[in-house]
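**Student:** Here it is: the structure, laid out below.
Protein chains: 2
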Amino acid sequence: MNARKASQLSAKGDEMEHQATERLPPKDLSANDSPRKAIQSVEIGVRVLRALMDCPRDGAHLRDVAEKSGLSRSQAHRYLLSFVNTGVVEQKVQNGRYALGEFSVRIGMAALARVEPVRIAGDNLASVLEELQTTGLLSVWGNYGPTVIRWIDGGLPLFTSLHVGSVLPLQASSTGILYLTHCSRALTRPVIAQERASGLVVSDDELERQIVQAREMGYATTQGTVVPGLSALSVPVLGSGNRLVATMSVLSRVQEKHFYSKPKIEKIRSAAIAASRAIGWQG
Amino acid sequence: MNARKASQLSAKGDEMEHQATERLPPKDLSANDSPRKAIQSVEIGVRVLRALMDCPRDGAHLRDVAEKSGLSRSQAHRYLLSFVNTGVVEQKVQNGRYALGEFSVRIGMAALARVEPVRIAGDNLASVLEELQTTGLLSVWGNYGPTVIRWIDGGLPLFTSLHVGSVLPLQASSTGILYLTHCSRALTRPVIAQERASGLVVSDDELERQIVQAREMGYATTQGTVVPGLSALSVPVLGSGNRLVATMSVLSRVQEKHFYSKPKIEKIRSAAIAASRAIGWQG
DNA sequence: GAAAAGAGTTGCATATTGTCCAACGAATAG
DNA sequence: CTATTCGTTGGACAATATGCAACTCTTTTC
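Taken in sequence, the protein lines are chains A and B.
Last residue of the first sequence? That's 283 in this note's numbering, and every number before it is there in order.
Last residue of the second sequence? That's 566 in this note's numbering, and every number before it is there in order.
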């Protein structure tokens, strides 16, 4: 089953190489892609919706929709007609412009009901871990700081004191750095204070350096600071309004010096970005 | 111009007379409707989306989608494939089921942004939250009950399981009480039934008490019933004919006993009233 | 434990259906 | 008034969706 599902999900990423201004020769469509047979008209229809998504409040002209979706005016008109018939798109009586309609809202509400950040982030992390053949964890903010809520074994046998429920240090874990990066001081200050009272002290300068770096790179790393012999790379999962919802971490042994290669990092990051998008983040 | 637009808009309401269980003979399609030439595949595609809209939250089987949309399995599969290719629909790797995907959320949010009430209410709420230095949310009625459509961080750092897309309980949230107060039983009854089946039971007497109170006061409150440690005050945003269009909620920590002082409550209420007036409410 | 039923997926021939071109009416500009 | 642009529509042709049947994999049944 997994094989079937995998092959089918992999056939996904055909990009629209036609940007906006040129009309599509039909040859291109039949030539380049689509190893699996599907309904072209539907995919074109979605292009039309995409064109309607970022348009002024008072609606888009047919002309613009046609351009953005790479269709002729007559073609675009017919697609819009079908969407109007079904209520997905509305045509304003006043100015004749087109805009997403009531049914689009209904679709969105139905889709929203399925949004479950933790589950989605967990799924994405799990598939990355399987691919990279290693182990990782998912965290969210808990009462005492970043808290491990999922621990996913993916091939790398690790024996650590970490488990579901563990609270990670803000100052000494890659996960913690992400919370420092994305959350307000009011939230993190008391936790830091308590960590320092317990003897874990990292200088403000050093923290600031790591925060800046995390913000620039889009991820954070540590080597052996939480569990000796274990290094980690953590990426943020963001929600609407750039709110930090969770973090995904991928672990490895510190011996494997160059475990976190560019392509691997990209894989991890894109998993987090995909999860973020799925829960409403507009990057 | 108006004549043209009118004729074209009038050609809209062709109903789907095929309910759900029968497969459509192609003859019927070409025979009965569609005086204006459009893209059949798109309208069929929307039928598939409609089938996905009212399905269990963990996705629908291909079989059920096919039935509900009146297509054969192979046909339904191809439509779903196209939607999966475009991100409108997602296929769960685990169980192979289909459900509305990330792009559907984007479409819905784009459509929502064009809805005047939502925009106005969101703006008003945002300015109140900034003034009160706290966090709040906007809800509208969705497929499974009151649904969070905006989450506005305004100073109070809160980490909860709540997010854009969360469905709030009717019986246990201040938002829910408002829907019970202003909406018909026909709308709310099935949701309440499902909540009670899931174990969330508040007695009818207690609900009635809260409803009466909400109607008198013009707002509703709860303390820690949705998210432990978090209390909320919600006010209704009404449209023409006293229809409940949305709700605005302001959050605070339960520790801050007297957060909701008279003047603060008045600020929140007047923001909601202003929004209501702006969208046609005649108070 | 093997067979049967059910689910999801795919190939292929056919004709239904979308595409392109051109044209029309209406509005706006020059 | 003429010229241009825009939304819309008709018709011939060819691309494309359809329906059937088969295949794989899973689940159920006996």
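Cβ atoms here follow ideal geometry from the backbone N, Cα and C, with glycine treated the same way.
To the nearest angstrom, report how far apart Arg472 of chain B and Val105 of chain A are at their CA atoms.
**Tutor:** Position 189 of the second sequence, counted from the first residue, corresponds to residue 472 of chain B. Position 105 of the first sequence, counted from the first residue, corresponds to residue 105 of chain A. Using only the alpha carbons, I get a separation of about 22 Å.
**Student:** Would you kindly work out how many angstroms separate the C-alpha atoms of His541 of chain B and Ser535 of chain B, rounded to a whole number?
**Tutor:** As a working mapping, residue 541 of chain B is identified with position 258 in the second sequence. As a working mapping, residue 535 of chain B is identified with position 252 in the second sequence. The straight-line gap from Cα to Cα measures roughly 10 Å.
**Student:** Classify Met500 of chain B as buried or exposed, calling it buried when 16 or more other Cβ atoms lie within 10 Å of its own Cβ.
**Tutor:** For the purposes of this step, residue 500 of chain B is identified with residue 217 of the second sequence, where counting begins at 1. Counting Cβ neighbours within 10 Å, Met500 of chain B comes out exposed, since fewer than 16 surround it.
**Student:** With DSSP as the reference, please indicate the residues paired to Glu90 of chain A in a beta bridge.
**Tutor:** As a working mapping, residue 90 of chain A is identified with position 90 in the first sequence. Answer by DSSP bridge pairing, in chain order: A:Ala99.
**Student:** Return yes when the Cβ of Gly154 of chain A is within less than 8 Å of the Cβ of Gly136 of chain A, no when it is not.
**Tutor:** Locating residue 136 of chain A in the first sequence gives position 136, where the first residue counts as 1. Locating residue 154 of chain A in the first sequence gives position 154, where the first residue counts as 1. Contact: yes.
**Student:** Specify, as a first and last residue, the run of the beta strand (DSSP E) that Gly136 of chain A falls within.
**Tutor:** Position 136 of the first sequence, counted from the first residue, corresponds to residue 136 of chain A. Start and end: 136-142.
**Student:** Kindly list the residues whose CB is nearer than 6 Å to the CB of Gly241 of chain A, restricted to its own chain and excluding five residues on each side of it in sequence; keep chain order.
**Tutor:** By 1-based counting over the first sequence, the position of residue 241 of chain A is 241. There are no such residues.
**Student:** DSSP three-state label for Ser355 of chain B, please.
**Tutor:** In the second sequence, the residue the question calls residue 355 of chain B occupies position 72. Residue state, collapsed to three classes: coil.
**Student:** In angstroms, rounded to a whole number, what distance separates the CA positions of Pro146 of chain A and Gly563 of chain B?
**Tutor:** As a working note, residue 146 of chain A is residue 146 in the first sequence. As a working note, residue 563 of chain B is residue 280 in the second sequence. Each residue's Cα considered, the two are about 46 Å apart.
**Student:** Round the Cβ separation of Phe386 of chain B and Val331 of chain B to the nearest angstrom and send it over; I've been treating them as touching at under 8 Å.
**Tutor:** Position 103 of the second sequence, counted from the first residue, corresponds to residue 386 of chain B. Position 48 of the second sequence, counted from the first residue, corresponds to residue 331 of chain B. About 14 Å; that fails the 8 Å criterion.
**Student:** Could you work out which residues of chain B lie near Leu180 of chain A, taking near to mean beta carbons separated by less than 9 Å?
**Tutor:** Within the first sequence, numbered from 1, the residue matching residue 180 of chain A stands at position 180. None at all; the shortest Cβ gap to chain B is about 13 Å.
**Student:** Please state whether the Cβ-Cβ distance between Ser173 of chain A and Ala232 of chain A is less than 8 Å.
**Tutor:** Along the first sequence, one-based indexing puts residue 173 of chain A at 173. Along the first sequence, one-based indexing puts residue 232 of chain A at 232. It is a contact, given that the beta carbons lie within the stated cut-off.
**Student:** How close, in whole Å, do the beta carbons of Val250 of chain A and Ile268 of chain A come, if the pair is a contact with beta carbons under 8 Å?
**Tutor:** Counting from one through the first sequence, the residue named residue 250 of chain A turns up at place 250. Counting from one through the first sequence, the residue named residue 268 of chain A turns up at place 268. Rounded, the Cβ-Cβ distance is 6 Å, consistent with contact.
**Student:** Please report whether the beta-carbon of Tyr219 of chain A lies at a distance below 8 Å from any beta-carbon of chain B.
**Tutor:** For the purposes of this step, residue 219 of chain A is taken as the residue at position 219 of the first sequence. No - not a single Cβ of chain B is within 8 Å of the one on Tyr219 of chain A.
**Student:** Who are the Cβ neighbours of Arg560 of chain B in its own chain at under 6 Å, not counting the five residues just before and after it?
**Tutor:** Your numbering for residue 560 of chain B matches position 277 in the second sequence. Within the same chain, Arg560 of chain B has no close Cβ partners at all.
**Student:** Given a cut-off of 8 Å on the beta-carbon distance, is the pair Arg397 of chain B and Ala99 of chain A in contact?
**Tutor:** In the second sequence, counting from the first residue as 1, residue 397 of chain B sits at position 114. In the first sequence, counting from the first residue as 1, residue 99 of chain A sits at position 99. Yes; because the gap between Cβ atoms is below 8 Å, this pair is in contact.
**Student:** Would Val89 of chain A be called buried (16 or more neighbouring beta carbons within 10 Å of its own) or exposed?
**Tutor:** One-based indexing of the first sequence puts residue 89 of chain A at position 89. With 16 or more other Cβ atoms within 10 Å, it is buried.
**Student:** Find out if the Cβ-Cβ distance for the pair Val431 of chain B, Ser422 of chain B is shorter than 8 Å.
**Tutor:** Against the second sequence, residue 431 of chain B aligns to sequence position 148. Against the second sequence, residue 422 of chain B aligns to sequence position 139. Going by C-beta atoms, Val431 of chain B is nearer than 8 Å to Ser422 of chain B.
**Student:** Do Tyr462 of chain B and Leu527 of chain B have their CB atoms nearer than 8 Å?
**Tutor:** The count along the second sequence starts at 1 and reaches residue 462 of chain B at position 179. The count along the second sequence starts at 1 and reaches residue 527 of chain B at position 244. Yes. Within cutoff.
**Student:** For Ser517 of chain B, collect the residues of the same chain with a Cβ closer than 6 Å to its Cβ; drop the 5 residues on either side in sequence, then sort them by chain order.
**Tutor:** Sequence index remark: in the second sequence, residue 517 of chain B carries index 234 (1-based). Around Ser517 of chain B: Ser457, Thr458, Leu461, Ala503, Thr530, Ser532.
**Student:** For Glu326 of chain B, count neighbouring C-beta atoms within 10 Å of its own C-beta (all shown protein chains included) and say buried if the count is 16 or more, exposed if not.
**Tutor:** Your numbering for residue 326 of chain B matches position 43 in the second sequence. It counts as buried.
**Student:** Closest by CA to Val484 of chain B, which one among B:Thr464, B:Pro452, B:Leu470?
**Tutor:** Taking the first residue of the second sequence as position 1, residue 484 of chain B is located at position 201. Looking at the Cα atoms, B:Pro452 is the closest of the given residues.
**Student:** Would you list the one or two residues that DSSP bridges to Pro519 of chain B?
**Tutor:** Sequence index remark: in the second sequence, residue 519 of chain B carries index 236 (1-based). The partner list for Pro519 of chain B (beta bridge, DSSP) reads B:Thr530.
**Student:** Skipping 5 residues on each side, what residues in its chain have a beta carbon closer than 8 Å to that of Gln565 of chain B?
**Tutor:** By one-based count along the second sequence, residue 565 of chain B stands at place 282. Closer than 8 Å at Cβ, skipping near neighbours: Ser523.
**Student:** So who's on the other strand from Gln223 of chain A, going by DSSP bridges?
**Tutor:** What you label residue 223 of chain A is simply residue 223 of the first sequence in a count that begins at 1. BP columns for Gln223 of chain A point to A:Ser231.
**Student:** Ends of the alpha helix (DSSP H) at Ile475 of chain B?
**Tutor:** Residue numbering aside, residue 475 of chain B sits at position 192 when the second sequence is read from its first letter. That run of the alpha helix (DSSP H) goes 468-480.
**Student:** If we call anything under 8 Å between Cβ atoms a contact, is Thr369 of chain B one with Val46 of chain A?
**Tutor:** What you label residue 369 of chain B is simply residue 86 of the second sequence in a count that begins at 1. What you label residue 46 of chain A is simply residue 46 of the first sequence in a count that begins at 1. Yes. Within cutoff.
**Student:** With 8 Å as the threshold, decide whether the Cβ of Phe542 of chain B is near any Cβ in chain A.
**Tutor:** The residue you call residue 542 of chain B lines up with position 259 of the second sequence. Phe542 of chain B does not count as touching chain A.
**Student:** Taking the Cβ atom as the reference point for each residue, do Arg380 of chain B and Ala343 of chain B lie within a distance shorter than 8 Å?
**Tutor:** Position 97 of the second sequence, counted from the first residue, corresponds to residue 380 of chain B. Position 60 of the second sequence, counted from the first residue, corresponds to residue 343 of chain B. Yes.
**Student:** Ile265 of chain A lies in the alpha helix (DSSP H); which residues open and close that run?
**Tutor:** As a working mapping, residue 265 of chain A is identified with position 265 in the first sequence. Note, Ile265 of chain A: alpha helix (DSSP H), 262-278.
**Student:** Between the Cα of Ala271 of chain A and those of A:Arg73, A:Gly101, A:Gln213, A:Asn124, spot the shortest distance and give me the residue it belongs to.
**Tutor:** What you label residue 271 of chain A is simply residue 271 of the first sequence in a count that begins at 1. Selected option, being the one with the closest Cα: A:Asn124.
**Student:** Taking CB distances under 8 Å as the criterion, tell me whether Asn124 of chain A reaches chain B.
**Tutor:** As a first step, residue 124 of chain A is located in the first sequence; it is residue number 124 there, counting from the start. Not one chain B Cβ lies under 8 Å of Asn124 of chain A.
**Student:** DSSP three-state label for Ile322 of chain B, please.
**Tutor:** By one-based count along the second sequence, residue 322 of chain B stands at place 39. Ile322 of chain B falls in the coil class under three-state DSSP.
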